[in-house]
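Residues 40 to 328 in the working numbering are what the sequence shown spells out, letter by letter. Everything below concerns the one structure shown next.
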Amino acid sequence: MPLLFKRVKDIRNYLQELKCAKGKSIGFVPTMGYLHEGHKELIRRSTLQNDITVVSIYVNPTQFAPSEDYNKYPRDLERDMAICEELNVDAVFAPSDKEMYPEGFGNTEVRVKDLESILEGEFRPTHFRGVLTIVLKLFNVVQPDRAYFGEKDYQQLKIVEKMVKDLLIPVQIIPVETVREPDGLACSSRNVYLSPEERESALSIYRSFLLAQEMFNQGEYKADVIKQEMKRFILSHPHIKKIDYIAITDPFLNPKEFVEVGDRILIALWVGNTRLIDNWKIKKPETQL
Ligand code: AMP
40 MPLLFKRVKD
50 IRNYLQELKC
60 AKGKSIGFVP
70 TMGYLHEGHK
80 ELIRRSTLQN
90 DITVVSIYVN
100 PTQFAPSEDY
110 NKYPRDLERD
120 MAICEELNVD
130 AVFAPSDKEM
140 YPEGFGNTEV
150 RVKDLESILE
160 GEFRPTHFRG
170 VLTIVLKLFN
180 VVQPDRAYFG
190 EKDYQQLKIV
200 EKMVKDLLIP
210 VQIIPVETVR
220 EPDGLACSSR
230 NVYLSPEERE
240 SALSIYRSFL
250 LAQEMFNQGE
260 YKADVIKQEM
270 KRFILSHPHI
280 KKIDYIAITD
290 PFLNPKEFVE
300 VGDRILIALW
310 VGNTRLIDNW
320 KIKKPETQL
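Next up, the structure:
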């Protein structure tokens, strides 16, 4: 079993010894737990590239708005520990709220103002400051050499990269491609909220990316036309309650009028009462033989 730490001071002591006395490299995978194949891929990458892998499991209250799913977010530490054992994780950090936000916490916040209010930020205005504040705190606890983030949360990845650059944080951010179920649905802890019928409709997200890619392959470069067609396709499925946004941007989240290889399509929508996000990188059309 990996070592389980609940206290900042305990994991600090453990890592200090490994890092300073023994010169070990530390890989870090921050998560909110209820681990799935996406998380597992991040962990595998870390164990390949580092001597020691630390996984944090913490459902951070400050990144949820009062109306969001903080209370019902799935949690199962025992199951997560078993997965971490399978993957040879060295240490799991699963702190309490009191440990991360002790009495007297001064509401210090980290913000990347350029990126926090677009896309996700328009619908979740306080989300990214919650994310960045906890990520920086976790970095300060673990002091990793490398930290692993999924492209599934593409805007989060870009914002974390920007924070690290702007604040000169000595960590290398390693992006990991989105892991999907065999039918294309992006792995997410929130997929457990979906009924079988809703899950079927949620597949329209991945299929709309394939549709967009096919339009691009056929020579349609106008972002508006592609987005319109994706929207029409997705809304033709039952249980899709609302699309928050479909956006096409360059890799740095600047909106695009004409689509090129390497651009991103980002989407957020509601399937029943579940909000899902996903994104797609525009690829080169396959060479026709
Ligand atoms: P979460 O537990 O949802 O906060 O996610 C923890 C980390 O796992 C984040 O860096 C996510 O981007 C990443 N992640 C979540 N789902 C996937 C996925 N399907 N593929 C790759 N990475 C993922």
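Where is the CB? At the ideal position from N, CA and C, for every residue including glycine. Computed from a prediction, not measured in an experiment: that's the story for all the values here.
Residue i classed as buried or exposed, judged by whether at least 16 other C-beta atoms fall within 10 angstroms
{"i": "residue 307", "result": "buried"}
{"i": "residue 139", "result": "buried"}
{"i": "residue 297", "result": "exposed"}
{"i": "residue 300", "result": "exposed"}
{"i": "residue 327", "result": "Any reading at residue 327 needs caution, since the residue's pLDDT is 48, under 50, leaving its predicted position unreliable; the model's value is listed next. The residue is exposed, with fewer than 16 neighbouring Cβ atoms inside 10 Å."}
{"i": "residue 161", "result": "exposed"}
{"i": "residue 321", "result": "buried"}
{"i": "residue 202", "result": "buried"}
{"i": "residue 104", "result": "exposed"}
{"i": "residue 146", "result": "exposed"}
{"i": "residue 111", "result": "exposed"}
{"i": "residue 222", "result": "exposed"}
{"i": "residue 40", "result": "exposed"}
{"i": "residue 48", "result": "exposed"}
{"i": "residue 252", "result": "buried"}
Terminal residues of the beta strand (DSSP E) in which residue i lies
{"i": "residue 341", "result": "What the structure shows of the chain is the stretch from 40 to 328, and residue 341 is not part of that stretch, so it cannot be assessed."}
{"i": "residue 317", "result": "313-320"}
{"i": "residue 308", "result": "303-310"}
Residues sharing a beta bridge with residue i, DSSP
{"i": "residue 167", "result": "Looking at the DSSP assignment, residue 167 forms no beta bridge with any residue, so it has no partner."}
{"i": "residue 70", "result": "96"}
{"i": "residue 212", "result": "186"}
{"i": "residue 294", "result": "288"}
{"i": "residue 131", "result": "43, 94"}
{"i": "residue 279", "result": "310"}
{"i": "residue 65", "result": "91"}
Presumed contact (8 Å Cβ cut-off) between residue i and residue j, rounded CB distance
{"i": "residue 114", "j": "residue 73", "result": "6 Å"}
Residue interval of the alpha helix (DSSP H) (run including residue i)
{"i": "residue 86", "result": "76-88"}
{"i": "residue 157", "result": "It is not in any alpha helix (DSSP H) - residue 157 carries neither H nor E in the DSSP assignment."}
{"i": "residue 10", "result": "The displayed coordinates of the chain run from 40 to 328. Any statement about residue 10 would go beyond what the structure contains."}
{"i": "residue 49", "result": "47-55"}
{"i": "residue 219", "result": "First-last for residue 219: undefined, no H or E at that position."}
{"i": "residue 121", "result": "116-125"}
{"i": "residue 248", "result": "235-256"}
{"i": "residue 232", "result": "First-last for residue 232: undefined, no H or E at that position."}
Check: residue i C-beta below 7 Å from any heavy atom of ligand 2
{"i": "residue 211", "result": "Inclusion of ligand 2 in the displayed structure is not the case, the ligand content consisting of ligand 1 alone."}
Quiz item: For the 8 Å Cβ check, are there 3 or more pairs between the region 138-153 and the region 57-66?
Solution: no
Quiz item: Counting pairs of Cβ atoms below 8 Å between the region 275-288 and the region 114-130, do you hit three or more?
Solution: no
Quiz item: Would you call the region 194-214 and the region 238-258 in contact, with 3 or more CB pairs under 8 Å?
Solution: no
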